[in-house]
Amino acid sequence: MGAEPAAANAPRIVVVGAGIAGLTAAYRLGAKGFAVTVLEASESPGGRCREIMVEGLRLRAGARLLYSFHADLMRLIADLGLGDHIVRLGGATIECEDRGRVYPLPMGVSTAVLRSAELPLREKLGLARLLPELANARLRGNPDDLASLPGQDGIDLQRFLHKRGLSAFERRLVAPAFRGARGWDTDRVAPAFFLLTAAHGIGAHVFTFRDGLGTLATALASGLDVRYGMRAARIAAGKGHASVEGNGLDGPFRIEADIVLCATEGSLAGRLIDTPAQPMRNFLASVRYNGMAIAHAVLDRPLPARQLFLGADHPSRLAIVESVPGSGSPEDPPRLFCELAPELSGEAERDLPLSGHIAPHLDGILDGRTVERWVDQRIPAMLPLPYPGYAARMKTYRDWQSARPRRVYLAGDYLATALVGGACASGGRTAADIIGHWS
Ligand SMILES: Cc1cc2nc3c(=O)[nH]c(=O)nc-3n(C[C@H](O)[C@H](O)[C@H](O)COP(=O)(O)OP(=O)(O)OC[C@H]3O[C@@H](n4cnc5c(N)ncnc54)[C@H](O)[C@@H]3O)c2cc1C
Numbered sequence: 001m002g003a004e005p006a007a008a009n010a011p012r013i014v015v016v017g018a019g020i021a022g023l024t025a026a027y028r029l030g031a032k033g034f035a036v037t038v039l040e041a042s043e044s045p046g047g048r049c050r051e052i053m054v055e056g057l058r059l060r061a062g063a064r065l066l067y068s069f070h071a072d073l074m075r076l077i078a079d080l081g082l083g084d085h086i087v088r089l090g091g092a093t094i095e096c097e098d099r100g101r102v103y104p105l106p107m108g109v110s111t112a113v114l115r116s117a118e119l120p121l122r123e124k125l126g127l128a129r130l131l132p133e134l135a136n137a138r139l140r141g142n143p144d145d146l147a148s149l150p151g152q153d154g155i156d157l158q159r160f161l162h163k164r165g166l167s168a169f170e171r172r173l174v175a176p177a178f179r180g181a182r183g184w185d186t187d188r189v190a191p192a193f194f195l196l197t198a199a200h201g202i203g204a205h206v207f208t209f210r211d212g213l214g215t216l217a218t219a220l221a222s223g224l225d226v227r228y229g230m231r232a233a234r235i236a237a238g239k240g241h242a243s244v245e246g247n248g249l250d251g252p253f254r255i256e257a258d259i260v261l262c263a264t265e266g267s268l269a270g271r272l273i274d275t276p277a278q279p280m281r282n283f284l285a286s287v288r289y290n291g292m293a294i295a296h297a298v299l300d301r302p303l304p305a306r307q308l309f310l311g312a313d314h315p316s317r318l319a320i321v322e323s324v325p326g327s328g329s330p331e332d333p334p335r336l337f338c339e340l341a342p343e344l345s346g347e348a349e350r351d352l353p354l355s356g357h358i359a360p361h362l363d364g365i366l367d368g369r370t371v372e373r374w375v376d377q378r379i380p381a382m383l384p385l386p387y388p389g390y391a392a393r394m395k396t397y398r399d400w401q402s403a404r405p406r407r408v409y410l411a412g413d414y415l416a417t418a419l420v421g422g423a424c425a426s427g428g429r430t431a432a433d434i435i436g437h438w439s
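Take the sequence shown: its position 262, counting from 1, is numbered 262 in full-length UniProt numbering, and each next residue is one higher.
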């Protein structure tokens, strides 16, 4: 399904942001004959799905793994004919540390948790208490919609699991994975994300693209009018039109459109949209993203591949230490990936070198290797935080956006779930709203 040539009277749409949400929306709108232009601040598509060069290192800007339970994403991959480019991953094990003890943990959601020696027998039996909620999440919940489990938005995940007698499960298995992979503490997020991914993860597979996740964004962007180096500074809606102003490679720009779809990170949208309608203002004020700070220690010789998730009490205040052997090319040297703990995520906003936090704690890990240099990576808006009460706010906003035609729309992972599949579903949902309102 490619873009249809736009009809002369087709509404003109400007999408701000060429992440998966913006590109999916542009792709779906183009296929319906809308005239769509995408403005992207950076020099390549994909947002938090692309690869970037930082001080000569090729690094991921964000996502690593995809899950087959994302219906919209799987449909998009099929529509783009990318099925042959995906590789399934499975059976990988990570290591977790809790109070000085290191133990293996299966990566991703899996019934292998039941075999884990870290879980006392009473908690293995206690997991039965979760079954009705998992069954409900599987039957009624949509893994691409945090708001599809309205009953699970009221308390935090830690309390939710402790109330069910699952405190070892929470501390040893759930918390390290949430802190490391998501930068979220279990006492700050509602249970919905955990329940949806656990319930739909069983029987699903984890995959990636053979040549990197950039494959998806590049394929999506290839058939679209995407303009790079175009940083929007102001999105405004007037009587009968909308506009985007900003700075491009050739200087300041102003583009008139019938509709603007803002598909930036949710934490930026509030700053871009001039005098938003009250429901949009209220919602955007409720969006919170966590930051992430990663220091990459480039090594003289590789260490064996290893991914260690550290507990909240670890003195290093790191969440993950991963040894990446690399391919040996100058862009992909052997290195240690050192992700700071969520409580240090403020470092993502500061300028001080991150190595100061980390270097003193690497003695036992380096095993005779020398750190040749440090490269810092900062992601100020990593993931939208699904805190208790957030899903209900998101749903209220989405219902308002869907109710009747708007000049300015929103899409992004923060309107679905904080995963690539969620961003894709949000782009598709907002495109469907626009098609319904403006066809
Ligand atoms: C470290 C990390 C690890 C992750 N791991 C996974 C994972 O393993 N699996 C998974 O499914 N998900 C993962 N995610 C989440 C996933 O990457 C995101 O949920 C998803 O990519 C978000 O897509 P999006 O389109 O909503 O936003 P984005 O990808 O952030 O796209 C927004 C776009 O808007 C552009 N933009 C911003 N401001 C402007 C402006 N003023 N003008 C023009 N353009 C602008 C940005 O440059 C960007 O291209 C991870 C994220 C991070 C950060």
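All C-beta atoms, glycine included, are put in the ideal place defined by N, C-alpha and C.
For this session: Could you check the C-alpha separation between ASN9 and ILE259 for me, to the nearest Å?
Result: For the purposes of this step, residue 9 is taken as residue 9 along the sequence shown, with counting starting at 1. For the purposes of this step, residue 259 is taken as residue 259 along the sequence shown, with counting starting at 1. When rounded, the distance between both Cα atoms is 14 Å.
Exercise. Say the cut is 7 Å; is the CB of LEU66 nearer than that to a heavy atom of ligand 1?
Worked result: Taking the first residue of the sequence shown as position 1, residue 66 is located at position 66. Yes, the beta carbon of LEU66 sits closer than 7 Å to at least one heavy atom of ligand 1.
Problem set entry | Candidates ASN136, VAL298 and LEU216, of which the one nearest ARG369 by Cα | Counting from one through the sequence shown, the residue named residue 369 turns up at place 369. Among ASN136, VAL298 and LEU216, the Cα nearest to that of ARG369 is on VAL298.
Exercise. Are three or more beta carbon pairs between the stretch 214-222 and the stretch 400-412 nearer than 8 Å?
Worked result: no
Problem set entry | C-beta atoms of PRO45 and ALA221 nearer than 8 Å | The residue you call residue 45 lines up with position 45 of the sequence shown. The residue you call residue 221 lines up with position 221 of the sequence shown. The Cβ-Cβ distance between PRO45 and ALA221 falls below 8 Å.
Problem set entry | ASN282, DSSP secondary structure in three states | Translated into positions along the sequence shown, residue 282 becomes position 282. Helix, per DSSP.
Exercise. Would you call PRO276 buried or exposed, if buried means 16 or more other Cβ atoms sit within 10 Å of its Cβ?
Worked result: Position 276 of the sequence shown, counted from the start, is the residue given in the question as residue 276. PRO276 is buried by the Cβ-count criterion.
For this session: Determine the closest residue to VAL12 out of ALA242, ARG60 and PRO333, with distance taken between C-alpha atoms.
Result: The residue given as residue 12 occupies position 12 in the sequence shown. Sequence check: residue 12 is Arg here, not Val. Its Cα nearest to that of ARG12, the residue ALA242 stands out among ALA242, ARG60 and PRO333.
For this session: Pull up the DSSP beta-bridge partners for TYR228, would you.
Result: Position 228 of the sequence shown holds residue 228. BP columns for TYR228 point to GLU40.
Exercise. Going along the chain, which residues of its own chain have a beta-carbon closer than 6 Å to the beta-carbon of PHE194, five neighbours each way excluded?
Worked result: Here residue 194 corresponds to residue number 194 of the sequence shown, with the count starting at 1. Within the same chain, PHE194 has close Cβ partners LEU157.
For this session: Excluding the 5 residues preceding and the 5 following GLU372 in the sequence, name in chain order all residues of the same chain whose CB lies nearer than 6 Å to its CB.
Result: Here the question's residue 372 lines up with position 372 in the sequence shown. Same-chain partners within the cutoff: VAL298 and ASP300.
Problem set entry | As assigned by DSSP and simplified to three states, the class of ILE13 | For the purposes of this step, residue 13 is taken as residue 13 along the sequence shown, with counting starting at 1. Three-state result, ILE13: strand.
Exercise. Which ranges would you report for the beta strand (DSSP E) in the stretch 237-310 if only whole runs of at least 3 residues count?
Worked result: Listed in chain order, they are 241-248, 251-257, 259-262, 289-299 and 306-310.
Problem set entry | Cα-Cα separation between ASP367 and PHE337, rounded to whole angstroms | For this step, residue 367 is matched to residue 367 along the sequence shown. For this step, residue 337 is matched to residue 337 along the sequence shown. Distance between the alpha carbons of ASP367 and PHE337 is about 15 Å.
For this session: Note down, in chain order, each residue of its chain lying with its Cβ closer than 7 Å to the Cβ of GLY90, except the 5 sequence neighbours on either side.
Result: Residue 90 sits at position 90 when you count from the first residue of the sequence shown. Around GLY90: HIS205 and VAL206.
Exercise. What is the rounded straight-line gap between the Cα of LEU57 and the Cα of VAL375?
Worked result: As a working note, residue 57 is residue 57 in the sequence shown. As a working note, residue 375 is residue 375 in the sequence shown. If I take the Cα positions, the gap works out to 8 Å.
Problem set entry | Burial state of VAL102 (16 or more Cβ within 10 Å) | Mapped onto the sequence shown, residue 102 falls at position 102. It counts as exposed.
Exercise. Do the stretch 333-347 and the stretch 314-321 touch if we need at least three Cβ pairs shorter than 8 Å?
Worked result: Per the Cβ contact rule, the stretch 333-347 is in contact with the stretch 314-321 (3 or more Cβ pairs under 8 Å).
Problem set entry | Straight-line Cα distance separating GLY389 from ILE155 | The sequence position of residue 155 within the sequence shown is 155, counting from 1. The sequence position of residue 389 within the sequence shown is 389, counting from 1. Going by the C-alpha atoms only, they are around 8 Å apart.
For this session: Using 7 Å as the cut-off, classify the Cβ of GLU40 as near or not near the heavy atoms of ligand 1, replying yes or no.
Result: Position 40 of the sequence shown, counted from the first residue, corresponds to residue 40. Yes, ligand 1 has a heavy atom inside 7 Å of this Cβ.
Exercise. Could you give the C-beta distance for PRO143 and PHE209, rounded to a whole number, given that I count them as a contact under 8 Å?
Worked result: Here the question's residue 143 lines up with position 143 in the sequence shown. Here the question's residue 209 lines up with position 209 in the sequence shown. Not really, about 20 Å apart at Cβ, beyond 8 Å.
For this session: Could you give the DSSP three-state label for ARG129: helix, strand or coil?
Result: On the sequence shown, residue 129 is found 129 positions in, with the first residue counted as 1. In this structure, ARG129 counts as helix in the three-state DSSP scheme.
For this session: Evaluate PRO176 with the Cβ neighbour count: other Cβ atoms within 10 Å of its Cβ, from every protein chain shown; 16 or more gives buried, anything less gives exposed.
Result: One-based indexing of the sequence shown puts residue 176 at position 176. With 16 or more Cβ atoms within 10 Å of its Cβ, PRO176 is classed as buried.
Exercise. Shortest alpha-carbon distance to ALA425 belongs to which of ALA269, PRO132, VAL36 and ASP72?
Worked result: Sequence index remark: in the sequence shown, residue 425 carries index 425 (1-based). Among ALA269, PRO132, VAL36 and ASP72, the Cα nearest to that of ALA425 belongs to ASP72.
Exercise. When you compare only the Cα positions, how much space is there between PRO120 and GLY83?
Worked result: Translated into the one-based positions of the sequence shown, residue 120 becomes position 120. Translated into the one-based positions of the sequence shown, residue 83 becomes position 83. Rounded to whole angstroms, PRO120 and GLY83 show a C-alpha spacing of 41 Å.
For this session: Using only alpha-carbon positions, find the residue among ALA423, ALA416, ASP413 and TRP400 that is nearest to HIS437.
Result: Within the sequence shown, residue 437 is the residue found at index 437, counting from 1. The shortest Cα separation from HIS437 among ALA423, ALA416, ASP413 and TRP400 belongs to TRP400.
Exercise. For LYS32, which residues from the same chain have a beta carbon less than 6 Å from its beta carbon, with the 5 sequence-adjacent residues on both sides left out?
Worked result: The sequence position of residue 32 within the sequence shown is 32, counting from 1. The beta carbon of LYS32 lies closer than 6 Å to those of ILE435 in the same chain, with the five residues before and after it left out.
For this session: Decide if ASP211 is buried, meaning its Cβ has at least 16 other Cβ atoms within 10 Å, or exposed.
Result: Against the sequence shown, residue 211 aligns to sequence position 211. Burial call: exposed.
Problem set entry | Reference ASN290; option with closest CA among ARG50, ARG182 and ARG171 | Numbered from 1 along the sequence shown, position 290 holds the residue referred to as residue 290. Of the candidates ARG50, ARG182 and ARG171, the one whose C-alpha sits nearest the C-alpha of ASN290 is ARG182.
Exercise. For ASP145, which of helix, strand or coil comes out of DSSP?
Worked result: Indexing the sequence shown from 1 puts residue 145 at position 145. Residue state, collapsed to three classes: strand.
Exercise. Are the stretch 416-423 and the stretch 127-136 touching by the rule of at least three beta carbon pairs closer than 8 Å?
Worked result: No contact exists between the stretch 416-423 and the stretch 127-136.
Problem set entry | Proximity of LEU261 and VAL15 at Cβ, strictly below 8 Å | Stepping through the sequence shown from its first residue, residue 261 is reached at position 261. Stepping through the sequence shown from its first residue, residue 15 is reached at position 15. It is a contact, given that the beta carbons lie within the stated cut-off.
For this session: State the beta-bridge partners of ASP376 as determined by DSSP.
Result: Position 376 of the sequence shown, counting from 1, holds the residue named residue 376. Paired residues: ALA295.
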